[in-house]
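Participant:
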Amino acid sequence: METNTILVIGANGQLGTELTSELRAIYGSTNVIASDIRAPKKAPLPNEPFEQLDVMDADSLAKIVDQYHVTEIYMLAAILSAKGEQNPIFAWDLNMQSLLNVLEVAREKKLSKIYWPSSIAVFGPNSPVDNTPQDCVMDPNTVYGISKLAGERWCAYYHEKYGLDVRSLRYPGLIGYKSLPGGGTTDYAVDIFHKALNGEDFECYLREDSYLPMMYMPDAIKATIDLMQAPADSITVRSSYNLGALSFTPKDIYEVIKKHHPDFKISYKVDYRQKIADTWPNSIDDSQAQKDWNWKPKFTLEDMVEDILEKLPAYEF
């Protein structure tokens with residue numbers, strides 16, 4: 001069997017950090033090349049290849065693909081929702097051109113598989129908010145959501161026109177403890193743990209009743225790898241799969257953390273991110289993912305909170 005050689009673009013980010021580690025555990029460290037526009041804070045081990053890469057530079061991307069005989073790319077680089085609203089043209093340019101560079105190199109060099117993450121940000125004010133279906137009205141009004149919806153169409157286009165095996169998931173808000181927040185609207189659900197463990201009060205920028213779909217990072221990693229390992233003939237969605245796990249409010253997660261840290265206090269100072277959150281679903285219908293590749297999340301809200309409070313203190317940032 002031919003060995004997969006995987007290039008992870010955006011490997012230093014919140015998702016990339018954990019996904020790279022898991023891919024190396026599965027496929028072997030030397031077969032997973034990490035890349036990012038920034039050098040990692042800690043020097044990579046000799047058996048953990050790292051390349052500093054600006055994915056907007058198509059020639060540099062092609063050279064790395066050739067150098068390592070890459071067969072698969074996980075394209076994670078993006079400007080997230082909250083940061084994107086501060087510089088919309090830059091966010092559009094980066095989110096779109098980076099994906100197109102990857103799709104083109106995959107087409108030209110006949111790579112076997114591409115992974116690209118979408119988001120619940122593709123939904124908008126007129127999308128159904130409860131149990132949002134796989135196919136429905138999608139009218140995103142953030143540059144992040146607009147770029148993700150356009151990206152979904154490009155992924156489907158490259159599959160239909162060129163036969164490229166490109167796969168995607170619409171992630172809800174992702175919560176992890178192995179890296180710091182990266183500029184998303186749901187980052188409060190990461191930052192809140194740091195404040196609780198440091199004995200600090202937490203000021204939340206969303207309303208206490210902002211009910212949003214969320215997912216613990218181990219479930220997101222599992223879903224990504226399960227999707228990529230599924231047989232091609234079982235993949236019926238070539239835009240991006242709905243993916244669900246948890247839905248909760250800032251008040252919900254605060255109440256669970258408070259059981260472990262009784263003196264922990266929260267206050268609310270709503271900012272521009274609330275308007276972004278208000279356009280997103282309350283919950284997600286991911287029945288297509290369940291049907292096509294047996295998706296099922298593992299963690300409840302209580303499980304996640306307990307796990308993060310136990311493991312976060314061991315991490316250095």
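No gaps in the numbering here: position 308 of the sequence shown is 308 in full-length UniProt numbering, and each next residue is one more. Beta carbons: idealized from backbone N, C-alpha and C, even for Gly. Just so you know, these numbers come straight off a predicted model, no measurement behind them.
1) Going by DSSP, name the residue or residues bridged to residue 132.
2) Return the residue from the list 296, 97, 186 that minimises the CA-CA distance to residue 271.
3) Look up residue 173 in the DSSP assignment and say whether it is helix, strand or coil.
4) Relative to the C-alpha of residue 311, which residue among 242, 294, 218, 285 is closest?
5) Report the three-state DSSP secondary structure of residue 217 (helix, strand or coil).
6) Pick helix, strand or coil for residue 179, following the three-state DSSP scheme.
7) Could you tell me if residue 97 is buried or exposed, where buried requires 16 or more neighbouring beta carbons within 10 angstroms of its beta carbon?
8) Once you ignore the five residues that flank residue 288 on each side, which residues in its own chain have a CB closer than 8 Å to its CB?
9) Decide if the segment 256 to 263 is in contact with the segment 164 to 176; the criterion is three or more beta carbon pairs, one per stretch, under 8 Å apart.
10) In terms of alpha-carbon separation, which member of 92, 130, 86, 67 lies closest to residue 77?
11) Taking the beta carbon of residue 137 as the centre, do at least 16 other beta carbons fall within 10 Å, making it buried, or is it exposed?
12) Any idea what DSSP makes of residue 8, helix, strand or coil?
13) DSSP state of residue 235, grouped into three classes?
14) Taking the alpha-carbon positions, what's the residue 294 to residue 223 distance?
15) Measure the CB-CB distance between residue 51 and residue 35 and report whether it falls below 7 Å.
16) Would you mind sorting residue 160 into buried or exposed? The rule is 16 or more other CB atoms within 10 Å of its CB.
17) Using CA atoms only, rank isn't needed, just tell me which of 67, 63, 20 is closest to residue 44.
18) Helix, strand or coil for residue 50, going by three-state DSSP, please let me know.
19) Under the rule that 16 or more other beta-carbon atoms within 10 Å means buried, what is residue 151, buried or exposed?
20) Quick one: Cα of residue 3 to Cα of residue 28, how far?
21) Let me check one thing: in DSSP terms, what residues is residue 75 bridge-paired to?
22) Which residue's Cα is closest to the Cα of residue 40: 179, 275, 248?
23) For residue 300, which residues of its own chain have a beta-carbon under 8 Å away from its beta-carbon, when the five flanking residues on both sides are left out?
24) When you compare only the Cα positions, how much space is there between residue 208 and residue 268?
25) State the start and end residues of the unbroken beta strand (DSSP E) segment that holds residue 32.
26) Report yes if the C-beta distance between residue 282 and residue 129 is below 7 Å; otherwise report no.
27) With distance defined between alpha-carbon atoms, name the residue in 184, 148, 71, 190 nearest to residue 254.
28) I'd like the list of long-range same chain contacts for residue 177, defined as Cβ closer than 7 Å, with 5 residues on each side in sequence excluded.
Facilitator: Let's see:
1) Along the sequence shown, one-based indexing puts residue 132 at 132. The partner list for residue 132 (beta bridge, DSSP) reads 284.
2) Stepping through the sequence shown from its first residue, residue 271 is reached at position 271. Among 296, 97, 186, the Cα nearest to that of residue 271 belongs to 186.
3) Locating residue 173 in the sequence shown gives position 173, where the first residue counts as 1. In this structure, residue 173 counts as strand in the three-state DSSP scheme.
4) The residue given as residue 311 occupies position 311 in the sequence shown. Out of 242, 294, 218, 285, 218 has the C-alpha closest to the C-alpha of residue 311.
5) If you number the sequence shown from 1, residue 217 lands on position 217. Three-state result, residue 217: helix.
6) Here the question's residue 179 lines up with position 179 in the sequence shown. Residue 179 falls in the coil class under three-state DSSP.
7) In the sequence shown, residue 97 corresponds to position 97, counting from 1. Exposed.
8) Reading the sequence shown from its first residue, position 288 is the one you call residue 288. Answer for residue 288: 134, 236, 237, 241, 242, listed in chain order.
9) no
10) Within the sequence shown, the letter at position 77 stands for residue 77. Nearest C-alpha to residue 77: 92.
11) Within the sequence shown, numbered from 1, the residue matching residue 137 stands at position 137. With fewer than 16 other Cβ atoms within 10 Å, it is exposed.
12) For the purposes of this step, residue 8 is taken as the residue at position 8 of the sequence shown. It is a strand residue.
13) Counted from its first residue, the sequence shown places residue 235 at position 235. In this structure, residue 235 counts as coil in the three-state DSSP scheme.
14) In the sequence shown, the residue the question calls residue 294 occupies position 294. In the sequence shown, the residue the question calls residue 223 occupies position 223. Looking at the two C-alpha atoms, the distance is approximately 10 Å.
15) Along the sequence shown, read from residue 1 onward, the residue named residue 51 stands at position 51. Along the sequence shown, read from residue 1 onward, the residue named residue 35 stands at position 35. A contact, by the Cβ cut-off of 7 Å.
16) For the purposes of this step, residue 160 is identified with residue 160 of the sequence shown, where counting begins at 1. Its Cβ having fewer than 16 others within 10 Å, residue 160 is exposed.
17) Here residue 44 is taken as the residue at index 44 of the sequence shown, counted from 1. Nearest option by C-alpha distance: 20.
18) What you label residue 50 is simply residue 50 of the sequence shown in a count that begins at 1. The answer is strand: DSSP assigns residue 50 an E or B state.
19) Within the sequence shown, the letter at position 151 stands for residue 151. By the 10 Å Cβ count, residue 151 comes out buried.
20) Sequence index remark: in the sequence shown, residue 3 carries index 3 (1-based). Sequence index remark: in the sequence shown, residue 28 carries index 28 (1-based). Approximately 10 Å, taken between the alpha carbons.
21) One-based indexing of the sequence shown puts residue 75 at position 75. DSSP lists 9 as partners of residue 75.
22) Counted from its first residue, the sequence shown places residue 40 at position 40. Checked all of 179, 275, 248; the closest Cα to residue 40 is 179.
23) On the sequence shown, position 300 is the one that residue 300 refers to. Excluding residues within five positions, the ones whose Cβ falls inside 8 Å are 246.
24) Your numbering for residue 208 matches position 208 in the sequence shown. Your numbering for residue 268 matches position 268 in the sequence shown. For residue 208 and residue 268, the distance between alpha carbons rounds to 7 Å.
25) In the sequence shown, residue 32 corresponds to position 32, counting from 1. Element bounds for residue 32: 32 to 36.
26) Stepping through the sequence shown from its first residue, residue 282 is reached at position 282. Stepping through the sequence shown from its first residue, residue 129 is reached at position 129. For residue 282 and residue 129, yes; Cβs fall inside 7 Å.
27) Mapped onto the sequence shown, residue 254 falls at position 254. Considering only alpha carbons, the answer is 190.
28) Translated into the one-based positions of the sequence shown, residue 177 becomes position 177. Cβ neighbours of residue 177 beyond the five flanking positions: 193, 308, 311, 312, 315.
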